[in-house]
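Residue numbers (mature numbering (1 follows the signal peptide of the UniProt record, and there is no 0)): -22 to -1, 1 to 114.
To keep things clear, I will list the structure first and then write my remarks on it.
Here it is as structure tokens:
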């Protein structure tokens, strides 16, 4: 991983876009245009979300199927991000140094990527939750 371009410190990823990045028009965009659309929305508000008071109750109080079955660059409409709500996000690229016999992103790398690091709970307990999103 090289070339971290920018950070939105404390940025959370609520469902900011509600349909804007899960449409046929969005799907037809180039990866650079998708990144520009996502990044402008991510950096539009760098205010940190609050830590959830009881994420376990929220997390296990609703089905995860809508989130797991939705193919999108955003949470399904109406869903709240109840765990790993506070973190930092960066533009990055994934560089492959060769030597492996991999295909796809692991074989060729990616120049359009979002990397997010977050904590599951308020920082008195460190349980990092890294996330990497490759933009096709």
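The beta-carbon is built from N, C-alpha and C at its ideal position, and this holds for glycine as well.
Note that this is a predicted model, so its numbers are computed, not measured.
Asked                                                                                                                                              : Found
What residues are listed by DSSP as bridge partners for residue 92?                                                                                : 69, 111
To the nearest angstrom, how far is the alpha carbon of residue 62 from that of residue 45?                                                        : 15 Å
Buried or exposed: residue 90, going by 16 or more other Cβ atoms within 10 Å of its Cβ?                                                           : buried
For residue -22, does the three-state DSSP call read helix, strand or coil?                                                                        : Unreliable placement is indicated for residue -22, whose pLDDT of 34 sits below 50; no coordinate value is reported for it.
Taking the alpha-carbon positions, what's the residue -12 to residue 80 distance?                                                                  : Reliability of the predicted coordinates at residue -12 is poor, the pLDDT of 41 falling under 50, and no value is obtained from them.
Quick check: what's the CA-CA separation for residue 96 versus residue 73?                                                                         : 23 Å
Which term fits residue 16, buried or exposed, when burial requires 16 or more other beta carbons within 10 angstroms of its beta carbon?          : buried
Is it buried or exposed for residue 49, if we count other Cβ within 10 angstroms and need 16 for buried?                                           : exposed
Let me check understanding here. Comparing Cα to Cα, which of 68, 40, 114 lies closest to residue 87?                                              : 114
Mark residue 59 as exposed unless 16 or more other C-beta atoms lie within 10 angstroms of its C-beta, in which case mark it buried.               : buried
In the structure shown, what three-state DSSP assignment does residue 59 receive?                                                                  : coil
Measuring CA to CA, which of 98, 107, 67, 47 is closest to residue 23?                                                                             : 67
Can you grab the Cα-Cα spacing for the pair residue -19 / residue 25, in whole Å?                                                                  : Summary for residue -19: the model assigns pLDDT 36, below 50, so the residue's position carries little reliability; its value from the coordinates is reported in the next sentence. Residue -19 and residue 25: Cα-Cα distance of roughly 21 Å.
Between which residues of its own chain and residue 7 is the CB-CB distance below 8 Å, once the five residues before and five after are set aside? : 15
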